[in-house]
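Scroll down for the structure; my scribbles are underneath it.
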Amino acid sequence: MTGFIARLPRARTILIIALSFLTLAFATNASAQHTQPHRTAAPQAHAKVVKKKPAHRKKKAVKHRRPRVKHHEVKRHAAPAPHRRAKHTTAVRSRAAPKPRLLASCGYTPRALRSLNSRAAYVLDVDSGTPLLARNARTVRPIASISKLMTAVVARDADRPLNGVLRVTAHDRDTIKFTGSRLPIGAELSRRQMFHIALMSSENRAAAALSRDYPGGRTAFVKAMNRKARQLGMRHTHFREATGLSPHNVSTAEDLARLVGAAAQDPLIRYFSTDTSTTVQAGDDELLYVNSDPLVRYGRLPIRLQKTGFINESGHGVVMRMRVKGRRETIVLLGAPTRAGVSSDALKIHRWLSCSIQ
Numbered sequence: 003m004t005g006f007i008a009r010l011p012r013a014r015t016i017l018i019i020a021l022s023f024l025t026l027a028f029a030t031n032a033s034a035q036h037t038q039p040h041r042t043a044a045p046q047a048h049a050k051v052v053k054k055k056p057a058h059r060k061k062k063a064v065k066h067r068r069p070r071v072k073h074h075e076v077k078r079h080a081a082p083a084p085h086r087r088a089k090h091t092t093a094v095r096s097r098a099a100p101k102p103r104l105l106a107s108c109g110y111t112p113r114a115l116r117s118l119n120s121r122a123a124y125v126l127d128v129d130s131g132t133p134l135l136a137r138n139a140r141t142v143r144p145i146a147s148i149s150k151l152m153t154a155v156v157a158r159d160a161d162r163p164l165n166g167v168l169r170v171t172a173h174d175r176d177t178i179k180f181t182g183s184r185l186p187i188g189a190e191l192s193r194r195q196m197f198h199i200a201l202m203s204s205e206n207r208a209a210a211a212l213s214r215d216y217p218g219g220r221t222a223f224v225k226a227m228n229r230k231a232r233q234l235g236m237r238h239t240h241f242r243e244a245t246g247l248s249p250h251n252v253s254t255a256e257d258l259a260r261l262v263g264a265a266a267q268d269p270l271i272r273y274f275s276t277d278t279s280t281t282v283q284a285g286d287d288e289l290l291y292v293n294s295d296p297l298v299r300y301g302r303l304p305i306r307l308q309k310t311g312f313i314n315e316s317g318h319g320v321v322m323r324m325r326v327k328g329r330r331e332t333i334v335l336l337g338a339p340t341r342a343g344v345s346s347d348a349l350k351i352h353r354w355l356s357c358s359i360q
């Protein structure tokens, strides 16, 4: 018993040391458990943030990529073939080509335009369809013997034999102005000759005979003239008779450019209107006819078609088609006080065209 008691302090010391180790181990374990949630929470929180961003990006990319892919596929499917692209390119180039115009450096100015003798003027570049000059071009006015150009177009449409003979009768006399004629009553000429002197020399009785010869007579002929005018888009044009002696035969410079375009399709009309002279046998007499346009008669301009006109109500006028540096140009001049004045205007416009067209 005494020995046990003697060993008791030593056992107590060992017990205290063991309890100290247990306390230290417990404290260490508690500290580790307390620290571990914080270490794990940080990576988990970070992982959540990282996962959200890719998920968000992926969803966004799906929304935007699908429509783009579909839209792009439609465009590829609708792309034109190579030959169609070439046609489209050509069309764009033709629209972009510069149109002809009269240049101030060549003398064409507003003041120069106002100085023309003709009260109405119109110039059309036929190849491009571009009006190059217009002065009172839509003003309705009498056109006198320029009417004979429509007379020739309508008579040619009837397709009567050119070698057929027409006889001049009293019905072909001028009962409007009571003018005379070198072609006597009773004279017999072929239709070809009637066309020739009506267009070249503005022979009134020849034009009257052609209108009388039309199927249905003169009434049907005048109706055909007005019908043809409507077909050509000559909205401000009206004809009362075939010679142009009536001041009620009216048109505009712009409308007459359309008539020139239709008449220029017929080589016979072009030839007859620009021939310088011809002779016809009227009974026992041989008659010499010359061109009523001095510009054609003396060869001063490269005119391919023309028709002059004059009565007091209309003044002097002319329509013509010419070539300038390879381009077709239509010129209409109306209402000049003198024949020399209308010729002067035509020469001036030709100079403007020759200088301006490259």
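When we follow our numbering, the leftmost residue of the sequence shown carries the number 3, and every step to the right adds one. Beta carbons: idealized from backbone N, C-alpha and C, even for Gly. The structure presented is a predicted model; accordingly, all values stated were derived computationally and were not measured.
7 angstroms Cβ shell around residue i - same chain, five flanking residues per side excluded
i	result
LEU290	SER279, THR281
SER275	LEU201, MET202, LEU307, GLN308, LYS309
VAL298	THR276, THR278, ILE305, GLN308
PHE223	VAL156, SER213, TYR216, ALA244
VAL76	Legend: pLDDT at VAL76 = 45, less than 50; position of this residue unreliable, value from coordinates given subsequently. Closer than 7 angstroms at Cβ, skipping near neighbours: no residue.
ARG330	VAL128, ASP129, ARG323
MET236	SER253, ASP257, ARG260, LEU261
THR2	Beyond the ends of the chain as shown, which are 3 and 360, falls residue 2; an answer cannot be given.
ALA264	VAL155, LEU234
VAL292	SER203, THR278, SER279, ARG299
VAL71	With a pLDDT of 47 at VAL71, under the threshold of 50, the modelled position of this residue cannot be trusted; read the value that follows with caution. No residues qualify anywhere along the chain.
DSSP state of residue i mapped onto helix, strand, coil
i	result
THR332	strand
GLY311	strand
GLY363	For residue 363 there is no data in the structure shown, the boundaries of the chain being 3 and 360.
GLY413	The structure shown has nothing for residue 413, since the chain only spans 3 to 360.
SER203	coil
ARG306	strand
ASP215	coil
HIS240	strand
ARG41	For ARG41, the predicted model reports a pLDDT of 43, less than 50, meaning its position is unreliable; a value from the coordinates is still stated below. Helix, per DSSP.
ARG323	strand
LEU355	helix
GLY343	helix
SER107	helix
HIS318	strand
LEU361	Outside the modelled stretch of the chain, which goes from 3 to 360, sits residue 361, for which no answer is possible.
LEU247	coil
VAL71	In this prediction, VAL71 has a pLDDT of 47, which is less than 50 and means its spatial position is unreliable; what the coordinates show is noted afterwards. Here VAL71 sits in helix by DSSP.
Closest Cα partner of residue i within the set the options
i	options	result
GLU205	LEU307, THR245, ILE359	THR245
LEU335	LYS101, PRO102, LEU115	LEU115
ASN165	MET152, HIS198, GLY182	HIS198
GLU190	LYS179, ALA139, THR171	THR171
ASN314	ARG103, ILE145, ASP127	ILE145
ASN251	ARG158, ALA139, ILE148, ASP287	ILE148
LYS150	GLN233, ALA211, ILE333, ASP287	ALA211
PRO112	LEU134, LYS101, GLN360	LEU134
GLY285	GLY131, ARG169, ARG143, ILE18	ARG169
GLN267	MET152, ARG143, LYS101, PRO163	MET152
LEU303	HIS173, ARG158, ARG184, ARG325	ARG325
THR332	THR221, THR181, GLY131	GLY131
HIS240	GLN360, ARG143, SER346	ARG143
ASP1	GLY219, LEU126, ILE359, ASP159	There is simply no residue 1 to check, as the chain begins at 3 and stops at 360 in what is shown.
ARG193	PHE180, THR181, ARG158	ARG158
Sequence-distant residues of the same chain with beta carbon closer than 6 angstroms to residue i, five excluded per side
i	result
ALA412	It is not possible to answer for residue 412, since the shown part of the chain is limited to 3 through 360.
ILE178	LEU247, SER248
ALA136	TYR124
ALA226	VAL156
Close beta carbons around residue i, own chain, < 8 angstroms, minus the five adjacent residues each side
i	result
CYS357	LEU105, SER107, CYS108, GLY109
PRO339	ASN119, GLY317, HIS318
ALA342	none
GLU288	THR281, VAL282
LEU349	LEU297, ARG302, LEU303
_Ranges of the beta strand (DSSP E) found wholly within the segment 254-285, counting only runs of at least 3_ = 279-284
_Segments of 4+ residues assigned as alpha helix (DSSP H) that fall wholly inside the segment 117-188_ = 149-159
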